[in-house]
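Colleague:
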């Protein structure tokens with residue numbers, strides 16, 4: 007037994023070192039020792055370094071603990087003292103075949119393997135498909151045993167274009183250890199290379215898959231979500247966990263959605279990488295390398311060659327699906343609050359908007375309307391059905407709309423119709439024991455629908471159909487669908503839901519059970535996978551485990567909800583907004599809001615990269631809660647947020663029940679600013695709607711980072727406090743308290759002030775410009791060479807659409823400008839008549 011520890015080492019630390027633990031009564035026998043025939047090394051990627059010391063440990067103390075010492079790493083996350091790790095020698099190619107449209111190979115483990123987090127799978131198959139001129143697929147699977155993959159029913163795979171011949175990429179590989187590289191065929195630039203010095207080439211175990219790629223120094227990486235933080239990922243210290251989680255938007259941690267896609271800029275060219283896998287994972291960026299650590303499934307990569315950022319997103323949405331066409335009314339302004347406790351309170355808000363002459367398109371109601379928070383019910387006192395019906399009819403007469411929230415959790419209560427029907431039709435998620443899996447959310451103890459069960463779809467349609475016959479809401483807002491639950495895994499059926507539940511003991515138990523597995527960095531501290539969610543050993547009707555499909559729960563609910571709305575009204579575009587999303591949720595299914603943000607200046611800024619990320623994720627209809635959801639806003643913050651939020655693709659003011667009211671009519675200065683900003687939004691509705699048409703038809707984006715339009719300008723790669731709407735509008739919101747000057751970057755070309763039409767810049771190179779900004783100012787610029795189609799605004803979308811069009815034309819140096827306008831009826835699913843005007 008070769009000693010792996012030190013005198014006094016404990017079992018948990020021994021296992022953390024990937025060593026063997028076997029206490030012995032014999033003196034001189036090591037209790038903690040290295041695995042037989044496995045080599046150990048101090049060469050470890052930063053995110054793999056497990057801390058072996060304490061703050062202030064020195065080299066001698068570190069080495070006395072049989073650990074590695076390296077104080078010279080330039081990464082912010084690097085440990086000075088860390089455990090050794092097993093050496094994994096990867097796989098070798100034993101058979102390979104090249105085709106006109108691809109390549110396949112059989113791989114065999116280079117013994118003895120490394121058993122890092124379990125037994126190595128001995129034989130693998132690599133399948134490489136040249137699917138289109140600019141799209142390559144690389145898939146690595148177990149040769150002998152079928153493993154879980156994201157089902158085709160969840161995300162249909164795209165067709166292969168067999169007419170393509172001149173591929174813009176080359177695929178190459180090494181035989182032992184097996185590594186592969188993808189390069190551009192015109193320049194030989196390598197954009198993905200799994201041979202990374204000092205890192206394992208490939209690890210493939212039952213619940214742990216690892217592969218890496220080389221990166222340039224100071225790489226420009228975007229995506230990998232969902233997260234809260236700056237747009238450009240830190241190339242030296244990013245560890246992004248992808249695991250759907252109900253969390254109040256903590257910075258850089260995993261939150262509601264799962265999007266294992268990134269876009270990289272190198273020079274003026276872009277490429278993208280998508281890992282089609284719904285299991286939990288950590289994706290780490292450190293100096294010159296990117297590493298995937300995935301806890302299940304297969305490695306199924308799509309690589310997109312661009313070469314422009316817009317091309318990458320179009321190619322990505324060819325795989326995951328183009329965004330849905332939204333109803334025109336959805337582009338209006340929305341108002342909501344958790345805390346409108348009666349219908350009278352809701353009606354009063356609508357009246358105040360009208361009184362203050364502020365546009366309002368759609369009123370929303372949170373869980374307050376429900377009878378004891380039960381889905382598909384109305385509180386008989388606070389929201390009596392007949393009065394709600396009359397209210398909605400009145401909204402519709404005024405060309406306004408109404409949206410209601412529905413959560414997935416169904417209260418366990420015999421006599422409650424939705425529960426009784428669900429039990430009789432066996433639609434709920436079951437635990438490993440075969441009983442229904444118990445959760446806990448707003449109504450108390452609940453069961454969760456099993457979206458993989460076809461009968462659940464029928465039950466959900468029946469419940470939704472009866473619900474909307476009762477109150478004809480115009481859209482459905484699906485929340486809490488990560489799925490959120492307030493236990494660690496399955497709740498005890500005897501849980502006292504009236505008291506605060508201490509989860510610490512359950513967390514420790516769950517962590518102990520997962521001790522010898524790789525634990526993704528859930529919540530930034532490796533919390534159990536089932537922390538505040540459904541049990542991961544729950545089993546779906548089709549036999550799939552929640553362990554594998556957890557990240558699909560909200561996505562599946564979006565599909566089932568949209569399908570129900572389509573059956574109820576087959577001719578109209580359904581409106582669904584979902585908190586939890588996956589790759590492809592935008593595919594005719596749902597929009598998104600960025601969740602429970604905070605009423606502070608940081609989150610005002612974070613909303614911009616949040617919206618921009620979802621443009622890249624193929625869900626362009628997205629916005630943040632204007633003025634913030636949690637905590638108390640203030641007059642200046644809410645004013646500046648209304649000025650920015652008026653330009654979110656999805657524009658809604660929303661906050662929590664235990665905060666102050668924040669409707670924009672509550673402060674005189676916010677009234678004026680909101681009216682001005684929303685009048686501009688409503689004047690731009692034709693421009694927005696045209697952009698959404700091209701998003702649906704071609705995979706274009708609505709909001710754009712500056713580098714999408716100016717990829718040759720290296721300055722814009724880190725700019726995320728300004729953004730483009732389409733090609734023609736640059737928005738530079740005020741994001742800091744008491745700010746009176748704005749340092750604005752204007753890329754090369756002509757730029758005109760949107761408000762005064764004055765020429766602001768005309769340069770062959772980009773430059774900064776300082777603007778004076780008052781409280782009522784919204785810095786907006788029109789790009790030379792672009793035509794912005796506008797319409798005179800009104801208080802509703804319907805009324806605005808009756809008004810005259812006009813054009814704002816920004817000429818370029820050649821006295822040229824171009825633009826587009828798409829028109830249809832704004833609501834039909836199958837459009838009978840439309841016009842696309844180019845000028």
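Numbering (the working numbering), first residue to last: 7 to 845. The C-beta atom is built at its ideal place from N, Cα and C for all residues, glycine as well. As the structure is a computational prediction, the values presented were derived from the model and not from experiment.
If contact is defined by three or more beta carbon pairs under 8 Å, each pair taking one atom from either stretch, is the stretch 475–484 in contact with the stretch 406–424?
Modeller: Enough Cβ pairs lie closer than 8 Å, so yes.
Colleague: Can you list, in chain order, the residues of its chain with a C-beta nearer than 7 Å to that of residue 367? Leave out the 5 residues immediately preceding and following it.
Modeller: The answer, listed in chain order, is 335, 338, 339, 340, 406, 407, 802, 803.
Colleague: On the DSSP bridge assignment, give the partners of residue 277 in chain order.
Modeller: BP columns for residue 277 point to 270.
Colleague: For the stretch 132–217, list the beta strand (DSSP E) runs that are entirely contained and at least 3 residues long, ordered along the chain.
Modeller: Counting whole runs of 3 or more residues, the stretch 132–217 contains the beta strand (DSSP E) stretches 141–148, 175–181, 184–190, 196–199, 209–211.
Colleague: What separation, rounded to the nearest whole angstrom, lies between the Cα atoms of residue 70 and residue 523?
Modeller: Computed Cα separation, rounded: 27 Å.
Colleague: Return yes when the Cβ of residue 321 is within less than 8 Å of the Cβ of residue 310, no when it is not.
Modeller: Result yes, Cβ atoms of residue 310 and residue 321 sit closer than 8 Å.
Colleague: For my contact list, residue 753 and residue 772 are in at a C-beta cut-off of 8 Å; report their separation, rounded to the angstrom.
Modeller: Confirmed, about 4 Å.
Colleague: Which value, in whole angstroms, describes the spacing of the CA atoms of residue 646 and residue 743?
Modeller: Rounded to the nearest angstrom, the two C-alpha atoms are 9 Å apart.
Colleague: As a quick exercise: from 42, 52, 806, 85, pick the residue whose alpha carbon is nearest that of residue 62.
Modeller: It is 85 whose Cα lies nearest to the Cα of residue 62.
Colleague: Using beta-carbon positions only, say whether residue 323 and residue 560 come within less than 8 Å of one another.
Modeller: Result no, Cβ atoms of residue 323 and residue 560 do not sit closer than 8 Å.
Colleague: When you compare only the Cα positions, how much space is there between residue 285 and residue 692?
Modeller: In a straight line, the C-alpha of residue 285 is about 40 Å away from that of residue 692.
Colleague: Which of the three DSSP states is assigned to residue 101 in this structure?
Modeller: Strand at residue 101.
Colleague: Alpha carbon to alpha carbon, what distance is there between residue 356 and residue 421?
Modeller: Computed Cα separation, rounded: 35 Å.
Colleague: If we count the other Cβ atoms within 10 Å of its Cβ and call it buried at 16 or more, is residue 705 buried or exposed?
Modeller: Under this definition residue 705 is a buried residue.
Colleague: Between which two residues does the alpha helix (DSSP H) harbouring residue 609 extend?
Modeller: Unbroken alpha helix (DSSP H) run through residue 609: 607–622.
Colleague: How many whole angstroms separate the CB atoms of residue 208 and residue 97, which I take to be in contact at a CB cut-off of 8 Å?
Modeller: The Cβ separation is near 6 Å, so the contact holds.
Colleague: Taking Cβ positions, are residue 119 and residue 94 nearer each other than 8 Å?
Modeller: Cβ atoms of residue 119 and residue 94: closer than 8 Å.
Colleague: Residue 643 to residue 383, Cα distance in whole Å?
Modeller: Those two C-alpha atoms are separated by around 36 Å.
Colleague: What are the complete alpha helix (DSSP H) segments, minimum 4 residues, inside the stretch 460–504?
Modeller: DSSP runs (the alpha helix (DSSP H)) wholly in the stretch 460–504: 460–476.
Colleague: Drop a sphere of 10 angstroms on the beta-carbon of residue 48, count the other beta-carbons inside from all chains shown, and report buried for 16 or more, exposed for fewer.
Modeller: Exposed: under 16 other Cβ atoms inside 10 Å.
Colleague: So which of 247, 298, 401, 349 has the shortest CA-CA distance to residue 390?
Modeller: When each option's Cα is compared against that of residue 390, the closest is 349.
Colleague: With DSSP run on the structure shown, which of helix, strand or coil describes residue 843?
Modeller: Reduced to three states, the DSSP call for residue 843 is strand.
Colleague: Compare the C-alpha of residue 90 against each of 59, 750, 657 and name the closest.
Modeller: With distances taken between Cα atoms, residue 90 lies closest to 59.
Colleague: Between which two residues does the beta strand (DSSP E) carrying residue 737 extend?
Modeller: From DSSP, the beta strand (DSSP E) with residue 737 extends over 735–737.
Colleague: Using only CA atoms, which one of 656, 820, 127, 403 lies nearest to residue 694?
Modeller: Closest option to residue 694, Cα to Cα, is 656.
Colleague: Starting from the C-beta of residue 227, find all residues in its chain whose C-beta is less than 8 Å away, skip the five residues before and the five after it, and write them out in chain order.
Modeller: Within the same chain, residue 227 has close Cβ partners 221, 238, 239, 241, 244, 268, 269, 270, 291, 296.
Colleague: Note down, in chain order, each residue of its chain lying with its Cβ closer than 6 Å to the Cβ of residue 495, except the 5 sequence neighbours on either side.
Modeller: Closer than 6 Å at the Cβ level, and outside the excluded window around residue 495, lie 536, 541.
Colleague: Let me know the alpha helix (DSSP H) ranges lying completely inside the stretch 253–340, each 4 residues or longer, listed in chain order.
Modeller: For the stretch 253–340, whole alpha helix (DSSP H) runs of length 4 or above, ordered along the chain, are 315–326.
Colleague: What residue from 440, 747, 614, 841 has the CA that sits closest to residue 730's CA?
Modeller: Taking only the C-alpha atoms, the option nearest residue 730 is 614.
Colleague: How big is the Cα-Cα spacing for residue 793 and residue 816?
Modeller: Cα to Cα, residue 793 sits roughly 6 Å from residue 816.
Colleague: For residue 469, I'd like the list of residues in its chain whose CB is within less than 6 Å of its CB, leaving aside the five on either flank, ordered along the chain.
Modeller: Closer than 6 Å at the Cβ level, and outside the excluded window around residue 469, lie 382, 424.
Colleague: Mind listing, in chain order, the continuous alpha helix (DSSP H) runs of no fewer than 4 residues lying wholly within the stretch 706–778?
Modeller: Counting only runs of 4 or more, we get 712–715.
Colleague: If you measure between the beta carbons of residue 443 and residue 435, is that distance less than 8 Å?
Modeller: The answer is yes: Cβ separation under 8 Å.
Colleague: Where do the N-terminal and C-terminal ends of the alpha helix (DSSP H) with residue 112 fall, by residue?
Modeller: That residue, residue 112, is in no alpha helix (DSSP H); its beta strand (DSSP E) goes 108–115.
Colleague: Is it buried or exposed, residue 331, if we count other Cβ atoms within 10 angstroms and call 16 or more buried?
Modeller: Classification of residue 331: buried, given that the 10 Å Cβ count is 16 or more.
Colleague: Please list the segments of the beta strand (DSSP E) lying wholly inside the stretch 359–445, counting only runs of 3 or more residues, in order along the chain.
Modeller: If we require 3 residues or more, the beta strand (DSSP E) runs fully inside the stretch 359–445 come out as 368–371, 407–412.
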